[in-house]
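>
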Amino acid sequence: MRKLLYLLKKYAQTIFRVLLFIFSAAILLIVYPREGTFPHEFQKGKPWMHPDYYAPFDFPVSKSDLEIKSEKDSILKEFKPYFNYQAETSVQQLKKLSNDFDKQWTNFSKGKSLQSLTKEKIIFFNRADSLTVNRYKNYMLELISYVYQRGIIQLSEQLENYVNRNFSLVIIRDKEAEDGDFYDLFTQKSAYEYVINRLNSEDSIAGGKILVESGFYKELDINNYLIPNLIINEEASKNIKNDLISQISLTKGMFLADHKIIGNGEIVNEDKFQILSSLKYEYENRLGHSDNFVTVLIGHGLIIVILLLLLIFFLVHFRRDFYHNNLKYSFILLMIVMFAGISSLITKNDLVNIYAIPFALLPIILKAFYDARLALYIHTICILMVGFLAPNSFEFTFLNFGAGAVSIISLKSLYRRGKLFNTSLYVFLAYSLIYFSLFLLQGNKLETINLSNFLYFAISASLLLMAYPLIFVFERVFGFLSDITLMELSDTNQPLLRKLNEKAPGTFQHSLQVANLAEEAAYKIGANPLLVRTGALYHDIGKMHNPMYFIENLSSGKNPHDDISYEASAQVIIDHVTRGIEIGRKNRLPEQIIDFIRTHHGTTTVHFFYRSFKRDNPGSQVDKSIFTYPGPQPFSKETALVMMADSVEAASRSIKEYTKEAIDELVDQIIYYQMTHDQYNNTSITYKDITIIKNIFKRKLMSIYHVRVEYPDMV
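Note that this note's numbering gives residue 725 to position 225 of the sequence shown, counting from 1, and the numbers run on in steps of one.
1) What is the DSSP secondary structure of F716, counted as helix, strand or coil?
2) When you compare each of V518, I722, M754, L815 to A555 by their alpha carbons, which one comes out closest?
3) DSSP three-state call for E676: helix, strand or coil?
4) In the DSSP assignment, the beta strand (DSSP E) including Y582 goes from what residue to what residue?
5) Alpha carbon to alpha carbon, how far is I762 from W548? Give it in angstroms, no decimals.
6) Let me know the secondary structure DSSP gives F559 once reduced to three states.
7) Could you please give the first and the last residue of the uninterrupted alpha helix (DSSP H) stretch that includes M838?
8) Are P863 and H879 close, meaning C-beta to C-beta below 8 Å?
9) Return the CA-CA distance between F1135 and G1026, expressed in angstroms with no decimal places.
10) What three-state label does DSSP hand D1217 in the structure shown?
11) Provide the residue span of the beta strand (DSSP E) that contains M1202, from first to last.
12) When we look at the beta-carbon of E1138 and count the other beta-carbons within 10 Å, is it buried (16 or more) or exposed?
13) Is it buried or exposed, Y511, if we count other Cβ atoms within 10 angstroms and call 16 or more buried?
14) Within the continuous alpha helix (DSSP H) that includes T1103, where are the two ends?
15) Can you check which of these residues, P969, A967, L933, is closest to N953 by C-alpha distance?
16) For L655, report the span of its beta strand (DSSP E) as first-last.
17) Checking 8 Å against the spacing of the C-beta atoms, do R545 and L889 come in under that value?
18) Determine the contact status of T1105 and A1140, defining contact as a CB-CB distance below 8 Å.
19) Output needed for V1142: all residues of its chain with C-beta closer than 6 Å, excluding positions within five of it in sequence on either side, in chain order.
20) Report yes if the CB atom of D1146 is closer than 8 Å to the CB atom of V1014, and no otherwise.
21) Report yes if the CB atom of G902 is closer than 8 Å to the CB atom of A930, and no otherwise.
22) Could you check the C-alpha separation between K637 and F716 for me, to the nearest Å?
23) With a floor of 3 residues, list each beta strand (DSSP E) that falls wholly inside the segment 741-808, ordered by position along the chain.
24) One question on the structure: do F928 and A958 come within less than 8 Å of each other, judged by their Cβ atoms?
25) Taking its Cβ as the centre, do 16 or more other Cβ atoms sit within 10 Å of M835, making it buried, or is it exposed?
26) Just to confirm the assignment, what range does the beta strand (DSSP E) spanning I732 have?
27) Using 8 Å as the threshold, is the segment 1145-1165 in touch with the segment 1083-1091, meaning 3 or more CB pairs across them?
28) The alpha helix (DSSP H) with Q1009 in it runs from where to where?
29) Where do the N-terminal and C-terminal ends of the alpha helix (DSSP H) with Y877 fall, by residue?
30) Could you tell me which residues DSSP puts in a beta bridge with I671?
31) Count Cβ pairs between the segment 666-686 and the segment 573-592 that sit closer than 8 Å; are there 3 or more?
32) So I1074 packs on Y1129, CB below 8 Å; how close in whole Å?
33) Rounded to a whole number of angstroms, what is the C-alpha to C-alpha distance between N584 and M966?
34) Let me check understanding here. Comparing Cα to Cα, which of I527, L566, M640 lies closest to K945?
35) What are the partner residues of F686, as DSSP defines its beta bridges?
36) Can you find the residues in the same chain that come closer than 7 Å, C-beta to C-beta, to S893, ignoring five residues on each side of it along the sequence?
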């Protein structure tokens, strides 16, 4: 039992990774469809690269989308929308018009609106008796009544397209339906024009023109009394339309078993493509619901395991640090499972076109926390896995591989917000160009291109703008560190850095110089320059506790170390590391930045006080641990770089005469000392990297201290 517990404890991390691998594979297998896979690949416009192919069974041949659309358009031309005739509308409006007409006539006859009229028209309104008034009113009411009797149609957005041409419709009057034509009806506009023209016509009743010319009808505003009384019946129209569409057959006959479908080398034209697509659909569905179900399931499982193993092998051989980091390992598997799960959910339930899913978002997020090569590899594994779910696997894989590669290449830095908008545009263009190229390759006609796919590409590209909030969420959940956060932390106006500048200005200037040295070297050896710069800015924040005990902060000749023992001085110096860790955690600095604080001296000794103690105490035994930093040693290129830059920059301040030889010797000695004391053993830094770093440090220090290179004498 103890042995078992010992083994479990010893291999706990490995067991965790294996279980997570199995769990991820199981989830992916659950979300995968149960259909099999058609054994042959084919593309429209390309030759059939397989042997002559015969139908393995009878199957229905589906109509193409263009054929279904054409039939649908043809049927809908015969569609008659339904309208309800509302008799009460005309009754209400005619009653209202009668009352308003009387009031308007009274206003005119009393002279309230006669100022601009001629003498003849004023006499007309003053002398008109009640019989005359009623005659005009009744004439108008008859016109309006006639309009309502024919019907004023309500124009919906759908019917606006038919205003200038005739179409049939059904009018429901008193629960009885009758056919009608659009030309026999009025719109609000045509009804108003009809009434005004009739009132102003030569054959209208005597004196009618006077009412028009005087502005009587204009002030009465006849248009207010002409409202639609033929209201579209949405429910009935929708039901009839759906019934017509449902009558469309999705197939166009059967293809019989053992009949030849296509021969080797024959071009897959439109008809052949439709037959093969129909067979593929029927073949895969039969496999998923037949006795071969278990075989299909095993096949899917093996594909998933193989793809995940390819990912694991890549991590083990090229990014072992990520493989052994359980959080990073878990995050990678989570992203693959999440994108595959979303894709499966969408394709199974036909929620939206699969091209609307922002697969290019995956490499963007991964690149924020890892590197471009790993991001592209994981993206490739993911789209290969999802390719088994997509309707056209080759087209899907090619499109999304291209878009993912473009997103990685175009987005060099996430901390520049405008770059993400540019990347979104580039991804849309990549999708569109690749899709259009494949469309032309298949020999299609331009008028048959599916423009809705470009809309899905635009949606997918737009969703890339979700990268910023998602990166923020993943940073908080998994404790990662992105370039965006590093940019914020490296701002010297950050409160903690401002406080360092106030309490220990010399240390702040030293940290800036270390950051400049280390950042330049990071660019050259392939380390993360933004991480290096940020770590360098914070590596000495512990000196805020006792700033005057550090030489760079002394402003007077009095050195506080003169009043204490060498051991106490060493402890004060060493203490700035532990103090820095406490300050960093108190101010919620990421652990990746705190790593620079704890490792920037590694396990080296405080040489000055150690040698001074030995000099003043000859023959006595020295406890070297008192003068030794607690470590740990640097464990990455970035932390090693800051350690080198910190020691070199600090030592360079003590050079008596700044010459090229003095700087060269100083840099070589310091880095040689750290190498011989095994400070870089836990990093992946190489001798080539160290040579590059030393050359950069020498060049930068010569520039800082204005050292001129001696040129040989001219002959």
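Beta carbons are placed, not taken as given, at the ideal position from N, Cα and C, and that holds for glycine.
By the coordinates alone:
1) Per DSSP, reduced to three states, the secondary structure at F716 is helical.
2) M754
3) Three-state DSSP puts E676 in a strand.
4) Counting along the chain, Y582 sits inside the beta strand (DSSP E) bounded by residues 582-585.
5) 7 Å
6) If DSSP states are grouped into helix, strand and coil, F559 belongs with the strands.
7) 826-849
8) In this structure, the beta-carbon distance from P863 to H879 falls below 8 Å.
9) 16 Å
10) No answer is possible for residue 1217: it lies beyond the span of the chain, which begins at 501 and ends at 1215.
11) No beta strand (DSSP E) holds M1202; the alpha helix (DSSP H) holding it covers 1187-1204.
12) buried
13) exposed
14) It is not in any alpha helix (DSSP H) - T1103 carries neither H nor E in the DSSP assignment.
15) Taking only the C-alpha atoms, the option nearest N953 is L933.
16) No beta strand (DSSP E) holds L655; DSSP gives it neither H nor E.
17) Checking the displayed sequence, the identity of residue 545 turns out to be Gly instead of Arg. No, they are not a contact pair.
18) no
19) A1018, G1035, A1036, H1039, F1096, H1100
20) yes
21) yes
22) 12 Å
23) 751-755, 760-762
24) Yes, they are a contact pair.
25) buried
26) 730-732
27) no
28) 1005-1025
29) 872-886
30) F583, E678
31) When Cβ pairs closer than 8 Å are counted between the two stretches, the segment 666-686 is seen to touch the segment 573-592, the count reaching three or more.
32) 6 Å
33) Taking the straight line from one Cα to the other gives about 48 Å.
34) Out of I527, L566, M640, the CA that lies nearest to the CA of K945 is found in L566.
35) Answer is I652, bridged to F686.
36) G887
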